[in-house]
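Numbering (our numbering), first residue to last: 13 to 202.
Structure representation (structure tokens):
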């Protein structure tokens, strides 16, 4: 076909249709992206801490994997990073080595880290054989999930981390996976 015999109005029409389709697809993608971001923000939104919940936590005891009980009161008086996690939670598992490194680096400075597993004892035991942690891990069970909700994790998302100051007050909270910057900022805030 000779290029000079092509009807220019057909090409312009096709180009305009393709441009409208691209704009429509781009707009739909933008709306979907904003909706996803809104949903994520809603899921990761912290609720209010229930009145007296911090004290209730300090009065609690949790079972260690060896069957002994750990009294939370024994941890009061030094900064504490309390991490709610589970073996079936990929972001939880991904952040554990970072929490372990934070503990190793800051233990001499008085920092404590406690993992509160919202999981079955056998699962936690098997997991810790594969990935040993230097900080203590206790079993939370359903009671641990309730403590998490009382601390503002209304939707029960994991991981959920709470930083307590030496006086036992809540200093920071985060639903979702921590990153190194979070830990650096949090440790400087006390």
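Just so you know, even glycine gets a beta-carbon here, dropped at the ideal spot from N, CA and C.
Please classify residue i as buried or exposed, where buried requires at least 16 other C-beta atoms within 10 Å of its C-beta.
i           : result
residue 80  : exposed
residue 152 : buried
residue 197 : exposed
residue 181 : exposed
residue 67  : exposed
residue 126 : buried
residue 93  : buried
Quick one: measure Cβ to Cβ for residue i and residue j, integer angstroms, because I've assumed they're closer than 8 Å.
i           : j           : result
residue 95  : residue 69  : Residue 95 to residue 69, Cβ: 13 Å. No contact.
residue 91  : residue 122 : 6 Å
residue 202 : residue 183 : 6 Å
residue 190 : residue 101 : Wrong, their Cβ atoms sit about 13 Å apart, outside the cutoff.
residue 89  : residue 178 : 6 Å
residue 132 : residue 77  : The pair is not a contact, with the Cβ atoms about 12 Å apart (cut-off 8 Å).
residue 75  : residue 97  : So it is not a contact: roughly 16 Å between Cβ atoms.
Just the C-alpha distance for residue i and residue j, rounded to the nearest angstrom, thanks.
i           : j           : result
residue 108 : residue 59  : 24 Å
residue 186 : residue 73  : 23 Å
residue 50  : residue 61  : Unreliable positioning characterises residue 50 in this predicted model, as indicated by a pLDDT of 39, which lies under 50. The coordinate reading is nonetheless provided below. Taking the straight line from one Cα to the other gives about 23 Å.
residue 118 : residue 84  : 20 Å
residue 116 : residue 146 : 8 Å
residue 144 : residue 33  : 54 Å
residue 194 : residue 113 : 14 Å
residue 161 : residue 124 : 22 Å
residue 105 : residue 26  : 52 Å
Please classify residue i: does DSSP put it in a helix, a strand, or coil?
i           : result
residue 135 : helix
residue 26  : helix
residue 47  : Bear in mind that a pLDDT of 42 at residue 47, under 50, signals an unreliable position, so the number given afterwards is only what the model happens to contain. The answer is helix: DSSP assigns residue 47 an H, G or I state.
residue 76  : strand
residue 183 : strand
residue 53  : For residue 53, the pLDDT reaches just 41, beneath the cut-off of 50, and the residue's location in the model is therefore unreliable, leaving the point undetermined.
Length at least 4, wholly inside the segment 80-163: the alpha helix (DSSP H) runs in chain order: 102-118, 133-142 and 153-162
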